[in-house]
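Following: one structure in structure tokens, then a few remarks.
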Amino acid sequence: MSWTDDRVETLKRMWAEGQSASAIAKELGGVTRNAVIGKVHRLGLSNRNDEPEPTPAPAPEPVAEKKADRKPAPAARPEPQPEAPAPADPVEEKEPVTQPAFTPALRRPIVPAGQPLPPQPSANEISPEALASVREVEKRARKLTLMELTERTCKWPIGDPATEKFWFCGLPSQSGKPYCDAHVSVAFQPMSSRRDRRR
DNA sequence: CCCTGATTCGC
DNA sequence: GCGAATCAGG
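Note that the first sequence covers residues 1 to 199 in full-length UniProt numbering.
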């Protein structure tokens, strides 16, 4: 394979989109991520985030050459950094002092009272054992964030996306499947035991 | 271990 | 110019 115009175009587009070199290599086919990275550098777009760099040479810096040790130049960044003093936890949210007796511990459900949450294994009639297995597995979840997921990590969501208490299972997924064993068993049910959906 | 990009250097 | 091997890091 060679770098035809359209292939280079695809490369540029995907790289600009923030795609990884390996993803681009997969898309193009016939090349490895190394090839992609090499090309990216040759094209001079290694910096996904082209910084304006208004003052490129403001530092004469009569640095004496140390060891001829390989490793270019650290390219020190002389950033002034005003640095703001700690503003005393702006994020902190004090408990409403005007709170009588009842505890607001739990957030009010976003969904009123209906039950439009099919993917939740909680209220369904799935293999009781599978459910137990899931609960057990979820204790060992790797608690990955969306961006940490890969093709071989379980993408089963755990918790409420509206709260901080949300993450993805992240355990090794079955090759080809999006979930780990436990979650596959609750995600993919044989058509049999899923009769009527009351309603 | 999985993955990421960066760099080198023989081709 | 190309990209495998390697490096450096998460």
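All residues carry an ideal CB built from backbone N, CA and C; glycine is no exception.
For a test of the three-state rule: what should DSSP assign to Trp15, helix, strand or coil?
DSSP, read as helix, strand or coil, puts Trp15 in helix.
Alpha-carbon spacing of Gly21 relative to Leu146, whole angstroms
Here residue 21 turns out to be Ala, not Gly, going by the sequence shown. Distance from the CA atom of Ala21 to the CA atom of Leu146, rounded to whole angstroms, is 19 Å.
Identify the continuous beta strand (DSSP E) that holds Gly159 and give its terminal residues.
For Gly159, the enclosing beta strand (DSSP E) begins and ends at 157-159.
Residues that Pro172 bridges to, as DSSP identifies them:
In the DSSP output, where bridge partners are listed per residue, Pro172 has Thr153.
Taking a contact to mean a Cβ-Cβ separation below 7 Å, would you say Val36 touches Ala25 in this structure?
For Val36 and Ala25, yes; Cβs fall inside 7 Å.
Is Val134 near the ligand ADP - that is, is its Cβ less than 6 Å away from at least one heavy atom of it?
This structure simply doesn't include the ligand ADP, nor any ligand for that matter.
Could you check how far apart the C-beta atoms of Glu148 and Gly170 are, in whole angstroms? I think they sit under 8 Å.
That pair is a contact at about 7 Å.
Quick check on Ser173: buried or exposed, where buried means 16 or more other Cβ atoms within 10 Å of its Cβ?
By the neighbour-count rule (16 or more Cβ atoms within 10 Å), Ser173 is buried.
Quickly, what does DSSP pair Trp167 with across the bridge? List them, please.
In the DSSP output, where bridge partners are listed per residue, Trp167 has Ile158.
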